[in-house]
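Since the structure comes first, as structure tokens, the remarks are kept for the end.
Residue numbers (this note's numbering): 138 to 378.
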């Protein structure tokens, strides 16, 4: 029994381990747990999920951050979705008993939600676009990797869950500097970021606010990472869903 955990970005990886992983590589953090760094987006996530399977993973976790679409979700809130709404409107169901086990391990101070997570292949930056997606889909949050992992898990007929901590609230416009400085793998080029801020210094307050929100999301994930041995100790079966 091996649990494979997919994280998209180095900053999300740091909530699980101090070890560094090259994009596309797998790291064994215990006898029964593998972590891979995928890079951002569904294409990268698909390759990474397949790589986890090739290394023996028998169940999968999508781990990291998400953006809120629902107004009631705030930075640091946790989403353990019961389903993923894919771009083609397919509904991908997570493993409910496994998700419930994670919920039971949460500290009472952590606020969580189990509503649907939306797939996107781009960052939804503007509050008005988040509101539009929420109205259209009723999904409470969005990310770019979980649906890809879910499709691979379904094809392999193995269980999967998602553990995603909210960074940006539905009311928050993400700073344009992030999109400008982001590379294809989802990493931030510091030189491009600084260049953008020199040209657009008005972006700095929003960038600082986003960093503070990310710290809240990371704190939630780090708390849950302490429970990783319990989260990964059981081999779940699709028959018990």
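Cβ atoms here follow ideal geometry from the backbone N, Cα and C, with glycine treated the same way. Treat the numbers as computed from the prediction; the structure is a model and nothing was measured.
Between residue 254 and residue 270 the beta-carbon gap is near 12 Å, outside 8 Å, which marks them as no contact.
Following the DSSP letters along the chain, one finds residue 355 inside the alpha helix (DSSP H) bounded by residues 341-362. Counting C-beta pairs closer than 8 Å gives three or more between the region 180-194 and the region 283-292, which meets the contact rule.
Cβ-Cβ distances below 7 Å link residue 375 to 294, 296 in the same chain, with the five nearest sequence neighbours on each side left out; the list follows chain order.
Between residue 301 and residue 203, the CB-CB gap stays under 8 Å. Counting only residues of its own chain and dropping the five nearest sequence neighbours on each side, residue 346 has a CB closer than 8 Å to the CB of 309. Here DSSP, grouped into helix, strand and coil, assigns residue 189 to helix. By the C-beta density criterion, residue 259 is exposed, having fewer than 16 other C-beta atoms within 10 angstroms.
Inclusion of residue 229 and residue 223 in the CB contact set at 8 Å is warranted, their separation being smaller than that value.
By the CB criterion at 8 Å, residue 212 and residue 355 fall outside the cutoff.
Put simply, of 167, 198, 144, 219 the residue whose alpha carbon is nearest the alpha carbon of residue 278 is 219. Taking 4 residues as the minimum length, the alpha helix (DSSP H) runs contained wholly in the region 149-230 are 179-191, in order along the chain.
Shown here for residue 166: same chain residues with a beta carbon closer than 7 Å to its own, the five before and five after excluded, namely 154, 172 in chain order. By alpha-carbon distance to residue 226, the top candidate from 237, 273, 200 is 273.
The continuous beta strand (DSSP E) containing residue 299 extends over residues 297-303. Look at residue 244 here: in three-state DSSP terms it is coil, with no helix or strand label. If the five residues before and after residue 261 are omitted, its C-beta is found closer than 7 Å to the C-beta atoms of 204, 267, 270, 279, all from its own chain and listed in chain order. A straight line joining the alpha-carbon of residue 206 with that of residue 237 spans about 23 Å.
Closest in C-alpha terms to residue 247, from the list 358, 371, 366, 370, comes 358.
For residue 146, there is no enclosing beta strand (DSSP E), since its DSSP letter is neither H nor E. Counting the other CB atoms within 10 Å of its CB gives residue 149 a total of 16 or more, which places it among the buried residues. A Cβ-Cβ separation of about 6 Å places residue 367 in contact with residue 242 under the 8 Å criterion. Within the same chain, and ignoring the five residues on either side of residue 195 in sequence, the residues whose Cβ sits closer than 7 Å to its Cβ are 138, 139, 295, 372.
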